[in-house]
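Below you'll find the structure, written out as C-alpha cells, and then a few comments.
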Amino acid sequence: MKEGTIYRSFTARDGRMVTLRAPRWGDLDDMLLFINSLVEEKAMIMMNEKQTRDAEIGWISTLLSNVEKDKIVAVVAEVDGRMVGSCEIVPKKGYLAHLGSLGISLLDGFREQGIGQEMMLEAEKQVRRLGVEIVDLEVFEANARAIHTYEKVGYKITGRIPDGVKYEGAYMDALIMTKRIA
Ligand SMILES: CC(C)(COP(=O)(O)OP(=O)(O)OC[C@H]1O[C@@H](n2cnc3c(N)ncnc32)[C@H](O)[C@@H]1OP(=O)(O)O)[C@@H](O)C(=O)NCCC(=O)NCCS
C-alpha cells in the first residue's frame with residue numbers, strides 16, 4: 021500500500037471528521053508526540069519508555085517500508101490534519117501466516133468517539149488482502165475500555181497469561197483475544 025493512501029472518512033460521535041489512511045513521512049512529528057504522550061500518561065500499552073526523534077525516524081521508515089511492501093497493514097486516524105490514532109496488524113509467518121497481531125491506540129482527547137472501532141474494522145478489511153484469517157491481540161486485564169471495544173468489534177477472550185503484565189510494579193493477567201475475519 022502506498023504511503024498516505026486514503027481508505028475512507030467518517031464523522032466521529034462528537035461531530036469531528038475523521039480520515040482513515042495509510043501512514044506517511046509527514047506523520048513523523050505527530051507520531052513522536054503520540055507515542056510519548058501515551059508513555060507519559062502510563063497508558064496500558066506495551067511501551068513504557070519515551071522515544072527520541074532519531075528512534076522514531078528509524079521506526080517510521082521501517083513501518084513505511086513494510087506498508088509499501090504489503091508486509092503489514094497500518095491505519096492511522098487523521099483529525100484536522102493531525103494524526104491522532106494508529107492501528108496495525110502484523111501477519112505472522114510460516115504455519116501461522118494466517119494469523120495477524122493487532123495493536124491500536126488513540127491520543128487522549130480522541131477516545132470514546134467510535135474512532136477505535138472504525139480503525140479496527142478498516143485494518144481487518146485491509147489485512148484480508150494479505151491472507152490473514154484470524155486476528156489476535158493482547159490486552160491488560162485492567163484495561164476495561166479496550167476490552168469492551170474489542171468485544172464490541174467481535175473479539176473473544178481465548179487465552180490468558182497469568183501475571184503476564186507488570187504494570188507500575190503490580191502483576192496482572194494479559195488476556196489474549198481473537199477474531200476470525202475470513
Ligand atoms: C482502547 C482504544 C483504542 C479504544 O478506542 P476508542 O476510540 O476509545 O473506542 P470506541 O470509541 O470505538 O469504543 C470505546 C467503548 O468503550 C466504552 N468504555 C469507555 N470506558 C469504559 C470502561 N471503563 N469500561 C468499559 N467500557 C468502557 C465506551 O462506552 C465505548 O463503548 P460503546 O461504543 O459501547 O459505548 C482507546 O480508548 C485508547 O487508545 N486507549 C488508550 C490506549 C490503549 O489502551 N490502547 C489499547 C492497548 S491494548
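Be aware that the sequence shown starts at 21, since it is given in my numbering, and climbs by one per residue. Glycine is no exception: its CB is placed at the ideal position from the N, C-alpha and C atoms. Here the structure is a predicted model, which is why all the values come from computation and not from measurement.
1) If you pair each beta-carbon of the region 65-80 with each one of the region 141-149, do three or more pairs fall below 8 Å?
2) Between the C-alpha atoms of Thr-82 and Gly-24, what's the straight-line distance to the nearest angstrom?
3) Exposed or buried, which one is Glu-171 when buried takes at least 16 other CB atoms within 10 Å?
4) Among all the DSSP beta bridges, which residues are the ones paired with Thr-31?
5) May I have the straight-line CA-CA distance separating Leu-84 from Gly-105, to the nearest angstrom?
6) Going straight from the alpha carbon of Glu-153 to that of Val-95, what length do you get?
7) So, at 7 Å on beta carbons, what are the nonlocal neighbours of Ala-63 in its own chain, with the 5 sequence-adjacent residues on each side left out?
8) Can you tell me whether Glu-132 sits near ligand 1, meaning its C-beta is under 7 Å from at least one heavy atom of the ligand?
9) For a minimum of 4 consecutive residues, which ranges assigned as the alpha helix (DSSP H) are wholly contained in the region 53-118?
10) Flag Asn-163 as yes when its Cβ comes closer than 7 Å to any non-hydrogen atom of ligand 1, and as no otherwise.
11) Can you tell me where the beta strand (DSSP E) with Met-192 in it begins and where it stops?
In short:
1) Taking 8 Å as the limit for Cβ pairs, the verdict is that the region 141-149 does not touch the region 65-80.
2) Those two C-alpha atoms are separated by around 15 Å.
3) Label assigned to Glu-171: exposed.
4) DSSP lists Met-37 as partners of Thr-31.
5) Near 16 Å, if we compare the C-alpha coordinates of Gly-105 and Leu-84.
6) Straight-line Cα distance between these residues: approximately 18 Å.
7) Closer than 7 Å at the Cβ level, and outside the excluded window around Ala-63, lie Ser-125.
8) Yes, since a heavy atom of ligand 1 falls inside the 7 Å radius drawn around the Cβ of Glu-132.
9) Listed in chain order, the complete alpha helix (DSSP H) runs (minimum 4 residues) inside the region 53-118 are 73-88.
10) Yes, the Cβ of Asn-163 comes within 7 Å of a heavy atom of ligand 1.
11) Residues 190-200.
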